[in-house]
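S.K.:
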Amino acid sequence: MVFRFDLQGRQGRVKSFSALVLSTCLLLGLTSCNRVGERTKDVINAISMQNLSNGQTLLKNEESDVQLTLPAGWVDVQTLRPDADLYVAHEDRTMYVMVLADPKKSELDGFPLGNHALQYLSFFDRGLSQKQPDKATNVTSLNGLNAVQYEIQGNVDNQAVTYLHTTVEGENSYFQVVGWTTAQAYSEAKGELLTVIESFRGS
1 MVFRFDLQGR QGRVKSFSAL VLSTCLLLGL TSCNRVGERT KDVINAISMQ NLSNGQTLLK
61 NEESDVQLTL PAGWVDVQTL RPDADLYVAH EDRTMYVMVL ADPKKSELDG FPLGNHALQY
121 LSFFDRGLSQ KQPDKATNVT SLNGLNAVQY EIQGNVDNQA VTYLHTTVEG ENSYFQVVGW
181 TTAQAYSEAK GELLTVIESF RGS
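Residue numbers 1 to 203, in the numbering used here, belong to the letters of the sequence shown in order.
#1: Ignoring anything shorter than 4 residues, give me the alpha helix (DSSP H) runs that lie fully in the region 107-184, in order along the chain.
#2: Rounded to whole angstroms, what is the Cα-Cα separation between GLY202 and ASN172?
#3: For ASP85, count the other beta carbons within 10 Å of its own beta carbon; 16 or more makes it buried, fewer makes it exposed. Which is it?
#4: Check ARG10 in the structure and name its three-state DSSP category.
#5: Just grab the DSSP bridge partners of THR57 for me.
#6: For ALA46, tell me which candidate among SER53, LYS60, GLY55 has the shortest Cα-Cα distance.
#7: Going by beta carbon distance, what residues of the same chain come within less than 7 Å of GLU62, once the five residues before and after it are set aside?
#8: From GLN184 to LEU164, what does the alpha carbon distance come to, in whole angstroms?
#9: So, with DSSP's three-state summary, where would you put ALA84?
#10: Quick check: the Cα distance between GLY29 and PHE123, rounded to an integer number of angstroms?
#11: Comparing alpha-carbon positions, which option in VAL66, PRO71, ASP65, SER64 lies nearest LEU216?
#12: Return the chain-ordered list of same chain residues with a C-beta closer than 6 Å to the C-beta of THR69, the five sequence neighbours on each side being excluded.
#13: Between ARG197 and GLY179, is the Cβ-Cβ spacing less than 7 Å?
#14: Counting C-beta neighbours from all protein chains within 10 Å, is the total for ALA147 16 or more, i.e. buried, or is it exposed?
#15: From TYR186 to THR195, what distance separates their C-alpha atoms?
#16: Would you identify the three-state DSSP class for VAL77, choosing helix, strand or coil?
#17: LEU118: which of GLN50, GLY73, VAL66, ILE152 sits nearest, CA to CA?
#18: In terms of DSSP beta bridges, what is TYR96 paired with?
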């Protein structure tokens, strides 16, 4: 897997984006990573967009009932893991946010939110080299839903990357809301990543 951050021109941005998609699939331990490509018809049909009066965009997956509000410059990404519920990017600044919904299973209902978060984080342990200890943030809820959030740092193919991984507990699903960028860009990008993450709505 080639993981490059060549931001000079459109070709560089495409290479950077493709590498980030592949690496995130790997790190999240997703079974459908081998299906990275154009969105399936079902996913396209499930997503609606609404331009708001303040210049932002409301993006919603009607099927999984999740939504994000995007500041100017952010777009719905057309090339991604086909069954991701939402995938958005500010490609010029190498910032990305993904939403994944995992329906609750009866045999796991007794597991607390923190256990689910640690299970998701374990995939990063497998995929990142030179990984730093995970740092819990002070997030305890996201728009009325219980949540836990970690800052994750490590290398993928010798490139330093920083993730903000939020696990959210809904009534019928657990949600992963994951934002990321290069470690070099993180300090400047963090505020905007948080803005997109904190706009998450789910049930």
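The beta carbon of each residue, even a glycine, is placed where N, CA and C say it ideally should be. These numbers were taken from a predicted model, which means no experiment stands behind them.
M.R.: On the basis of the supplied data:
#1: 113-127
#2: GLY202 and ASN172: Cα-Cα distance of roughly 10 Å.
#3: buried
#4: In this prediction, ARG10 has a pLDDT of 41, which is less than 50 and means its spatial position is unreliable; what the coordinates show is noted afterwards. Residue state, collapsed to three classes: helix.
#5: ASN51, LEU70
#6: LYS60
#7: ALA46, SER48
#8: 15 Å
#9: coil
#10: Residue placement at GLY29 is flagged as unreliable, the pLDDT there being 49, under the threshold of 50; the coordinate-derived value follows with that caveat. Rounded to whole angstroms, GLY29 to PHE123 spans 6 Å at the Cα level.
#11: Here the chain has residues from 1 to 203 only, and residue 216 is not among them.
#12: GLN56, LEU58, SER199
#13: Position check: residue 197 holds Ile in this sequence, whereas Arg was assumed. In contact: ILE197 and GLY179 (Cβ atoms closer than 7 Å).
#14: buried
#15: 14 Å
#16: coil
#17: The shortest C-alpha separation from LEU118 is found at ILE152.
#18: ALA89, TRP180
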